[in-house]
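Down below is the structure, laid out as structure tokens.
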Amino acid sequence: LKSRHFKPLQKFNLILKRCFIKSFIQLKYCEISYSLINMVTELKTETAFEEAIQAAVISAVHFQANWAEQCVQVNQLLEALSAQTNYSSMKFYSCPAEDLPKVSAKYNIEAVPTILLFRSGKRLDVIHGADNEKIVEILGKYNKSSGDEQTLPLEERLKTLINKANVMLFMKGDRKVPRCGFSKQMISILDNVGVPYETFDILSDEEVRQGLKKFSNWPTYPQLYVKGELIGGLDIVKEMIEAGEFESTLNS
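With the first letter of the sequence shown counted as 1, position 236 gets the number 236 in UniProt numbering; the numbers rise by one all the way through.
As structure tokens, this is what we get:
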């Protein structure tokens with residue numbers, strides 16, 4: 001991107017006084033510390049991309065190219081949205097489509113700008129082109145649904161999470177980057193069985209981490225659920241494997 005597209009920061013603790021997103025959004029005055037602005041993170045490697053889309057929050061990934069003027073427009077829009085507090089639960093990323101050809105091919109990126117929306121590794125939606133009004137409308141829809149889920153009473157939220165997939169694993173980290181040995185072993189077991197499953201990183205949400213222990217009366221992680229019912233932790237799973245019961249339980 002050319003330098004003329006950027007305005008220099010006068011000091012680190014810059015206060016963003018005015019957020020303007022062309023004609024479809026009214027002028028707003030925001031008092032947001034620069035240090036708290038979410039901003040747009042560039043995903044420079046395939047590993048960084050995979051880690052980003054596994055997050056339990058909505059991730060908006062803008063596939064872009066520096067030579068495309070429309071991508072500059074979309075980047076500016078996403079930066080402005082990321083600075084607003086009502087979008088604090090959504091993560092914004094840019095992905096150089098030509099620099100990561102395998103990722104672009106995997107998700108059928110044929111033109112830029114294209115925005116893909118993910119949560120927990122699952123693609124939710126796609127936005128083609130630089131129609132700012134359409135982008136704001138679609139992002140706003142998913143941002144609202146994400147916010148509604150966050151404001152549910154904890155018990156309702158936990159019930160929603162454990163029923164999110166037929167096989168649901170609550171662990172430290174995610175399937176790409178497990179952050180403890182027990183979680184890593186559980187991922188290996190599930191991958192070997194080959195059953196579809198989803199994960200939730202309990203390190204990303206302390207309320208869920210502590211609440212689920214009490215909700216299921218199970219003090220440690222990882223915790224494996226099948227159709228909303230707690231199976232147990234790693235030791236229980238190993239016992240079920242030895243007894244020849246594990247695969248049938250997952251497929252019940």
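We put the CB at the ideal spot given by N, CA and C, even for glycine. Since the structure is predicted, the reported quantities are computational estimates derived from the model, not experimental observations.
Run the CB neighbour count on residue i, radius 10 Å, all protein chains shown included, and call it buried at 16 or more, exposed below.
{"i": "M168", "result": "buried"}
{"i": "R157", "result": "buried"}
{"i": "Q210", "result": "exposed"}
{"i": "G173", "result": "buried"}
{"i": "M171", "result": "buried"}
{"i": "P178", "result": "buried"}
{"i": "A165", "result": "buried"}
{"i": "S252", "result": "exposed"}
{"i": "P219", "result": "exposed"}
{"i": "N38", "result": "Caution is warranted here: a pLDDT of 48 is assigned to N38, below 50, making its placement in the model unreliable, and the coordinate value is therefore given only provisionally. Classification of N38: buried, given that the 10 Å Cβ count is 16 or more."}
{"i": "F246", "result": "buried"}
{"i": "A243", "result": "exposed"}
{"i": "N66", "result": "exposed"}
{"i": "S82", "result": "buried"}
{"i": "A130", "result": "buried"}
{"i": "S248", "result": "exposed"}
{"i": "E198", "result": "buried"}
{"i": "N217", "result": "exposed"}
{"i": "R123", "result": "exposed"}
{"i": "Q10", "result": "Note that Q10 scores 42 on pLDDT, short of 50, meaning its location in the model is unreliable; the coordinates nonetheless yield the value given after this. Q10 is exposed by the Cβ-count criterion."}
Starting from residue i, follow its DSSP beta bridges and name the residues at the other end.
{"i": "residue 253", "result": "As shown, the chain starts at 1 and ends at 252. That puts residue 253 outside it, with no answer to give."}
{"i": "D201", "result": "M171"}
{"i": "A59", "result": "The amino acid occupying residue 59 in the given sequence is Ser; Ala does not appear at that position. Answer is K91 and F118, bridged to S59."}
{"i": "P101", "result": "BP columns for P101 are empty, so no partner."}
{"i": "L224", "result": "L169 and G232"}
{"i": "T41", "result": "Y93"}
{"i": "P178", "result": "G173"}
{"i": "Q64", "result": "P96"}
Would you please state the rounded distance, in angstroms, between the beta carbons of residue i and residue j? I believe it to be under 8 Å.
{"i": "F49", "j": "A97", "result": "Contact flag wrong, Cβ pair sits at about 11 Å."}
{"i": "A56", "j": "F200", "result": "6 Å"}
{"i": "K102", "j": "E46", "result": "6 Å"}
{"i": "S120", "j": "Q54", "result": "7 Å"}
{"i": "Y221", "j": "I202", "result": "6 Å"}
{"i": "Y87", "j": "N143", "result": "6 Å"}
{"i": "L43", "j": "Y93", "result": "5 Å"}
{"i": "V61", "j": "C95", "result": "5 Å"}
{"i": "V208", "j": "L161", "result": "7 Å"}
Please confirm whether residue i has its beta-carbon closer than 9 Å to some beta-carbon of chain C.
{"i": "G173", "result": "Checking the listed chains, one finds no chain C in this structure; it contains a single protein chain."}
Does the stretch 66 to 80 touch the stretch 108 to 123, meaning 3 or more C-beta pairs lie closer than 8 Å? As far as the Cβ criterion goes, the stretch 108 to 123 touches the stretch 66 to 80, which means the pair count is three or higher.
With a threshold of 8 Å, are at least 3 pairs of Cβ atoms found where one atom belongs to the stretch 180 to 192 and the other to the stretch 223 to 243? Between the stretch 180 to 192 and the stretch 223 to 243 there are three or more C-beta pairs closer than 8 Å, enough to call the two in contact.
Stretch pair the stretch 134 to 141 + the stretch 190 to 200: three plus CB contacts closer than 8 Å: Cβ pair count under 8 Å is below three, so no.
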